[in-house]
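First up is the structure itself, then whatever we jot down about it.
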Amino acid sequence: MQQTPTKLPMVYLVDDEEVVRDALAWLLRSRRLLSEGFGSAEAFEAMLDARPGHGAGWPDAPSCLLLDVRMPGTSGLALFERLIERGMAAALPVIFLTGHGDVPTAVAAVKRGAFDFVEKPFSDNALVDRVEEALAASAAAIAARQSQGQLALRMAELTEREREVMALVVQGLPNKLIADQLFISVRTVEVHRARVFEKMNVKSAVELSNLLRDG
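For the sequence shown, position 33 (counting from the first letter as 1) is numbered 35 according to my numbering, and the numbering increases by one without interruption.
Pasting the structure below:
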């Protein structure tokens, strides 16, 4: 079966100064990172709204946002708050670009969930290092969400009785005690247990417990 190509990471640049966006894009290209620039928060949100699902969903490739704190119109901080409202802050880590006077504001944003802030003028290597770390965090968040979605699909396939058996299996109960508690035969427990393992794609009670705990 042919695999779907992995989508490349994307760095979004939101800054009202074109010269800054161009410099950042060049810097990222030097480290083989793709970027897309926007001159305002409004332009970036328009791009999100044009996506399928009206921008409500998470990005489908690792992404991060380099965001200027102060811009005409909607500020970077206001855009960040809107991303939180959209539920996108985890999969789209935000690195604020700040002037010296904006540092307290940027620190407050980090406490709200921003990935980091970088003070201008910044070290090129240090900035790109943080961008790569943000992209790795985005990839982990997307993978975790996809795993949770797959787990939910598997759970939906279980019958009510299989859920009951599963709950007792993960508690470590042997088949005989499960049968006693559910007033069914040991053989019936064995059948349900095997079906649970098959549907959840596990081979042991320990693997099942770990799957449910991590999910």
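Note that CB positions come from ideal geometry on N, CA and C, so glycine has one too.
query: Out of Ala196, Glu159 and Leu160, which has the shortest C-alpha to C-alpha gap to Asn177?; result: Ala196
query: Decide if the region 130 to 139 is in contact with the region 165 to 179; the criterion is three or more beta carbon pairs, one per stretch, under 8 Å apart.; result: no
query: Using the beta-carbon count (16 or more within 10 Å), is Arg23 buried or exposed?; result: buried
query: Residue range of the alpha helix (DSSP H) that Leu160 falls in?; result: Looking at the DSSP string, Leu160 is not in any alpha helix (DSSP H), and its letter there is neither H nor E.
query: Give the DSSP bridge partners of Thr100, in chain order.; result: Glu121
query: Going along the chain, which unbroken runs of the alpha helix (DSSP H) with 4 or more residues stay wholly within the region 11 to 60?; result: 20 to 32 and 43 to 52
query: Are at least three pairs of beta-carbons, each pair with one atom in the region 113 to 120 and one in the region 78 to 97, less than 8 Å apart?; result: yes
query: Give the range of the beta strand (DSSP E) segment to which Asp182 is assigned.; result: First-last for Asp182: Asn177 to Leu184, but that is the alpha helix (DSSP H), not the beta strand (DSSP E).
query: Going by alpha carbons, who is nearest to Pro11 out of Asp51, Leu214, Ala52 and Arg34?; result: Arg34
query: Roughly how many whole angstroms lie between the Cα atoms of Ser65 and Glu159?; result: 33 Å
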